[in-house]
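So for the sequence shown, the UniProt record's numbering puts the first residue at 1; every next one is plus one. Glycine residues also receive a C-beta, built at the ideal position from the N, C-alpha and C atoms.
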Amino acid sequence: MSTPQSEKQALFITSLIIFWYSSNIGVLLLNKLLLSNYGFSFPIFLTMCHMSACAVLSYVSIVFLKIVPFQRIKSRSQFLRISTLSLVFCGSVVGGNISLRYLPVSFNQAVGATTPFFTALFAYIITMKREAWLTYGCLVPVVAGVVIASGGEPNFHLYGFIMCIGATAARAFKSVLQGVLLSSEGEKLNSMNLLLYMSPIAVLVLMPAAIIMEPNVMAVTATLATEHRYLGLLILVNSAMAYGANLLNFLVTKHTSALTLQVLGNAKGAVAVVISILLFRNPVTFTGIAGYTLTVMGVVAYGEAKRRHK
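Spelled out as structure tokens, the structure:
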């Protein structure tokens, strides 16, 4: 028999998951909407807006609201390691946003699902950590699914695909690098404190990059704002949601098991695909759906094989 306390806990976790899904899928769809439909073709500047929001809101959440304990940087070497992670993090987010200019969200998610393949690859190259052969075998359908989905994607764009693969690889590289660079107990940071330090560094990197590579961003944004009166609000909401996605990912990880998180993560990708197809009406083929399904099945099998061979 459930107690009022357990019911409240279940309601809290359910609410967290709903908000987590909403923020993650929302920021993805808003990115696509801004970069493709509104003509706001400035992925570097958009990423800088995201990182600026993360820097400000992280500071407020940790220093003032005390959502998590504040962790200080203890050495110059730790700062340099965090800076390295920030550069890789920048690359992954910018690459992902660039890919959304050219690819449908559904295909973007299919490629993004190959993260475990790149994680296993980098873990082997950097740390020489080997998994069981069965675990590696489960990665074959992950890659095969994306190859099939690529062949069946009506709106396939080579440059967008390269950016998407690069972003996925960078995301996996960051997770492996983080485990190596911040491995000692004294230097470990929780994900929210890491975001607090990484995001201002990212802004400092992205600002000159945006000025050099997107020199007319302010003029075009001002022009677009006169045509679309809610453009500024959309960018603001989009940036706040980018922070919300990170915060909720941390909270869901904290309040659920690793297996639950893995299942929810796989389902989230599928939900994002369905919503994006309904919203943007991008054409899909049976081959594309079959490829994405094969990739997701491979990711699920990989997660299960890894869990069993721990």
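So, is residue i buried or exposed, given that buried needs 16 or more other C-beta atoms within 10 angstroms?
i, result
"I17", "buried"
"K66", "exposed"
"W20", "buried"
"R281", "exposed"
"Q9", "exposed"
"E7", "exposed"
"Y159", "exposed"
"R81", "buried"
"S77", "exposed"
"K129", "exposed"
"F107", "buried"
"V60", "exposed"
"A132", "exposed"
"I212", "exposed"
"M241", "buried"
"E227", "exposed"
"L46", "buried"
"K58", "Note that residue 58 is Ser in the sequence shown here, rather than Lys. S58 should be labelled buried."
"M218", "exposed"
"A222", "exposed"
"N216", "exposed"
"F89", "buried"
"V273", "buried"
"G151", "exposed"
"T3", "exposed"
"I126", "exposed"
"F161", "buried"
"L279", "exposed"
"F79", "exposed"
"L294", "buried"
"Q5", "exposed"
Within a Cβ cutoff of 7 Å, which residues of the same chain sit near residue i, ignoring the five residues on either side of it in sequence?
i, result
"G138", "In the sequence as presented, Gly is not what sits at residue 138; that position holds Cys. Excluding sequence neighbours, C138 sits near G298, A301, Y302, A305."
"G91", "A170"
"T115", "T168, R171, A172"
"T119", "A172, S175, V176"
"L251", "L16"
"V63", "F70"
"T253", "L261"
"Q178", "L85"
"N48", "Before going on, a small fix: residue 48 reads as Met here, not Asn. Cβ within range, chain order: V203, L206, M207, A210."
"M163", "G95, I98, S99"
"H157", "Y102, L103"
"G195", "Sequence check: residue 195 is Leu here, not Gly. For L195, where only same-chain residues beyond five positions count, the Cβ hits under 7 Å are C54, S58, N246."
"I277", "S106, V284"
"G244", "S23"
Quick test of your reading: residue i and residue j, contact by CB under 8 Å. State the CB separation rounded to the nearest angstrom.
i, j, result
"residue 356", "V27", "Here the chain has residues from 1 to 310 only, and residue 356 is not among them."
"L247", "M198", "14 Å between Cβ atoms; not a contact."
"A149", "G265", "Going by Cβ atoms, the distance from A149 to G265 rounds to 19 Å, so no, they are not a contact pair."
"I165", "V220", "Rounded, the Cβ-Cβ distance is 28 Å, inconsistent with contact."
"residue 311", "N249", "The question about residue 311 has no answer, for the chain in this structure spans 1 to 310."
"L29", "L234", "At roughly 11 Å, the Cβ-Cβ gap does not stay under 8 Å, so L29 and L234 are not in contact."
"L181", "K188", "The pair is not a contact, with the Cβ atoms about 10 Å apart (cut-off 8 Å)."
"I275", "I25", "6 Å"
What residues in its chain sit with their C-beta under 6 Å from that of residue i, if we drop five residues either side in the sequence?
i, result
"K32", "L100, V105"
"I13", "H255"
"Q262", "G303"
"H50", "S239, A242"
Could you name the residues of the same chain whose beta carbon sits closer than 8 Å to that of residue i, not counting the 5 residues immediately before and after it, in chain order?
i, result
"P43", "L35, V94, N97, I98, L100, R101"
"G186", "K74"
"L224", "Y38, G39, F40, L231"
"residue 312", "Only positions 1 to 310 of the chain appear in the structure, and residue 312 is not among them; the question remains open."
"Y136", "A120"
Could you tell me whether any Cβ in chain D is nearer than 8 Å to the Cβ of residue i?
i, result
"T115", "Absent from the structure: chain D. Only one protein chain is present."
When the Cβ atoms of the stretch 276-287 are set against those of the stretch 134-145, are three or more pairs found closer than 8 Å? The stretch 276-287, when compared against the stretch 134-145, does not touch it at the 8 Å Cβ threshold.
Residue ranges of each alpha helix (DSSP H) within the stretch 191-246, 4 or longer: 191-213, 217-227
Which runs of the alpha helix (DSSP H) spanning at least 4 residues fall entirely within the stretch 41-116, listed in chain order? 43-59, 76-102, 105-112
Could you tell me whether the stretch 46-57 touches the stretch 201-221, using the rule of 3 or more Cβ pairs below 8 Å? yes
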